[in-house]
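Residue numbers (the working numbering): 3 to 389.
Backbone N, C-alpha and C fix where the C-beta goes; we use that ideal spot for every residue, glycine too.
Taking it in order: structure first as structure tokens, then the write-up.
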Amino acid sequence: MKLNLPHILFRLCKIFSPKSTLAGNTWDRIKRRKSYLNEIRKEQRKSNSAQKLNNIPSAFFIVSLLALILFLNSLWSEQFIYAHLKWLVRINIPADGAYNLIGDILAASATIIGLSFVVIGFLFQTVSNQTQQTYEDIFRATRLYYVFAISIVSVIMQVFVNIVKYTYAPYTAGNLAIFCAFLLIATTIAIANLFSLVLEFLNPEKVTQLTKKYLLNAAKFELLNERFMTESRQVFNEMMSSLAFEKKGSSFWNYEPATPLSLKNNAGDILIDVFLPLYKWFATRIGKRTAPGVVSKYAEIECFQPLVEEKAMLFFEENTIIKKWEINMFPFSFLISSENPTSNDYDRERKKLDNRLFRAAEKGDTELLEQVLSDIDHLYDIYFKGQ
3 MKLNLPHILF RLCKIFSPKS TLAGNTWDRI KRRKSYLNEI RKEQRKSNSA
53 QKLNNIPSAF FIVSLLALIL FLNSLWSEQF IYAHLKWLVR INIPADGAYN
103 LIGDILAASA TIIGLSFVVI GFLFQTVSNQ TQQTYEDIFR ATRLYYVFAI
153 SIVSVIMQVF VNIVKYTYAP YTAGNLAIFC AFLLIATTIA IANLFSLVLE
203 FLNPEKVTQL TKKYLLNAAK FELLNERFMT ESRQVFNEMM SSLAFEKKGS
253 SFWNYEPATP LSLKNNAGDI LIDVFLPLYK WFATRIGKRT APGVVSKYAE
303 IECFQPLVEE KAMLFFEENT IIKKWEINMF PFSFLISSEN PTSNDYDRER
353 KKLDNRLFRA AEKGDTELLE QVLSDIDHLY DIYFKGQ
């Protein structure tokens with residue numbers, strides 16, 4: 003979702019007045035009425051946070067930032083360190099050996115990283131059920147993205163230090179040598195940890211368990227999303243009924259001449275949220291201009307609903323005066339995105355389950371077939387019985 007003014011406003015609403023939005027009211031209702039869905043929501047938020055951190059961009063950003071901070075702290079002058087940070091002085095490196103040590107550490111790092119990734123590549127080739135999604139699942143589980151980021155950033159920083167080392171005084175070069183040694187130790191520990199985790203996935207059952215975990219989580223999260231959409235529609239309908247609005251029918255035979263108040267959206271945009279106070283203000287303000295006894299109508303909506311182009315939201319008596327500024331400001335009541343924030347993980351994981359079932363039947367592997375059927379049974383319990 004792009005960061006724009008409505009997005010910022012809705013973020014502020016969630017912080018200072020959560021119940022002022024349709025999503026906030028819906029989550030509050032779910033929390034009060036369906037505690038098990040609230041627990042699933044907590045799991046979903048934790049999972050989403052983990053996925054946002056466990057990827058290539060996040061890994062490189064975090065590792066690069068930490069490496070840069072450590073590098074800058076290595077540039078303090080000898081006078082400053084002894085005056086203010088003397089308690090940090092624990093390692094003394096001879097001035098004539100600091101420059102050579104930086105180069106030696108770089109050579110050691112390149113050798114360790116090169117050999118390690120060759121072996122890791124061989125190990126991944128032996129993993130059963132080799133599909134792109136399986137590899138992505140294993141990459142997340144083994145935190146390979148961070149190991150890769152640590153290795154690449156470590157080599158880049160050490161090459162840079164090796165190039166500029168003669169720019170600095172011997173004492174600072176000693177600090178840079180310690181910095182490079184720290185990078186080498188961090189890289190070695192990260193790769194060793196990766197080895198221990200990757201070896202576990204040489205066992206086909208471990209890969210199956212990982213796939214099953216993602217499948218069941220995806221089913222729970224999809225169930226939560228669907229219940230959330232249903233609850234949001236009910237919350238919205240109850241609110242409009244309290245304002246004496248009627249739901250407009252979708253049938254052609256229900257057509258009545260009316261003055262609509264519409265959004266300025268593109269076809270296929272997704273409705274994410276509604277700022278209820280502003281929406282109700284427009285509804286009641288313009289509704290007062292209709293004749294006494296005339297009932298205004300509204301279009302039924304729910305969160306994460308795809309919208310038609312120029313979606314009409316409110317319908318007033320024909321020839322009702324709607325001012326230009328009201329037409330321009332009304333869309334600020336809504337948070338709209340061209341991308342649906344709900345995940346398609348459920349459909350993806352279900353297709354993986356179908357493929358496993360097909361392969362098990364094709365090979366006549368009764369043990370694998372029993373595992374897949376057991377997973378399908380768990381999927382049914384979580385998703386379909388939860389409807």
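Residue i, buried or exposed, once every other Cβ within 10 Å from all chains shown has been counted against 16
i      : result
TRP255 : For TRP255, the predicted model reports a pLDDT of 48, less than 50, meaning its position is unreliable; a value from the coordinates is still stated below. Looking at its Cβ environment, which holds fewer than 16 other Cβ atoms inside 10 Å, TRP255 is exposed.
ILE272 : buried
LYS250 : buried
GLN160 : buried
LYS33  : exposed
TYR216 : buried
LYS214 : buried
ILE274 : buried
ASN50  : exposed
PHE12  : buried
PHE124 : exposed
ASN267 : buried
SER153 : buried
GLY270 : exposed
SER76  : buried
Pair within 9 angstroms by beta-carbon distance, residue i and residue j
i      : j      : result
ILE42  : PHE223 : yes
VAL65  : VAL120 : no
LYS299 : LEU316 : yes
ASN164 : ILE71  : no
PHE318 : LEU265 : no
ALA69  : LEU178 : no
TRP78  : PHE230 : no
VAL297 : PHE247 : yes
VAL237 : ASN56  : no
THR144 : PHE203 : yes
Distance between residue j and residue i (C-alpha atoms, nearest Å)
i      : j      : result
GLY289 : VAL276 : 19 angstroms
LYS282 : PRO294 : 19 angstroms
MET242 : GLU302 : 9 angstroms
TYR173 : ILE180 : 11 angstroms
TYR170 : ALA183 : 18 angstroms
SER22  : LEU278 : 6 angstroms
THR232 : GLN307 : 11 angstroms
THR286 : GLU312 : 21 angstroms
GLN53  : SER60  : 10 angstroms
ILE193 : VAL149 : 6 angstroms
LYS167 : ALA175 : 6 angstroms
LEU74  : ILE158 : 15 angstroms
ARG47  : ASN219 : 12 angstroms
PHE334 : LEU309 : 16 angstroms
LEU225 : ILE115 : 43 angstroms
ALA110 : LEU14  : 50 angstroms
LYS326 : ARG31  : 36 angstroms
ALA151 : ALA314 : 48 angstroms
MET3   : SER340 : Unreliable placement is indicated for MET3, whose pLDDT of 46 sits below 50; the coordinate value is still reported in the next sentence. In a straight line, the C-alpha of MET3 is about 7 angstroms away from that of SER340.
TRP89  : ASP139 : Reliability fails at TRP89, whose pLDDT of 48 lies under 50, so the model's placement of it is uncertain and no value is given.
PHE162 : ASN205 : 41 angstroms
SER19  : GLU45  : 23 angstroms
Among the options, the one whose alpha carbon lies nearest that of residue i
i      : options                       : result
ALA146 : PHE197, CYS182, VAL157        : A quick correction: the sequence has Leu, not Ala, at residue 146. Among PHE197, CYS182, VAL157, the Cα nearest to that of LEU146 is on PHE197.
LEU199 : GLY116, PHE141, PRO262, LEU11 : PHE141
ARG291 : ALA25, ASN321, LEU337, LEU309 : ASN321
CYS305 : LEU11, ASN40, ASN267, ARG235  : ARG235
MET331 : MET231, PHE284, LEU55, ALA246 : PHE284
ASN40  : LYS208, ASN227, ALA61         : ASN227
THR261 : SER118, ALA112, ILE323        : ILE323
Residue i beta carbon near the ligand NAD (any heavy atom closer than 8 angstroms)
i      : result
ASP106 : Judged by which ligands are present, the structure shown has none, so any question about the ligand NAD falls away.
Complete beta strand (DSSP E) runs within the region 29-53 (minimum length 3 residues, chain order): none
Ignoring anything shorter than 4 residues or poking outside the region 127-205, list the alpha helix (DSSP H) runs there in chain order. 134-144, 146-166, 172-202
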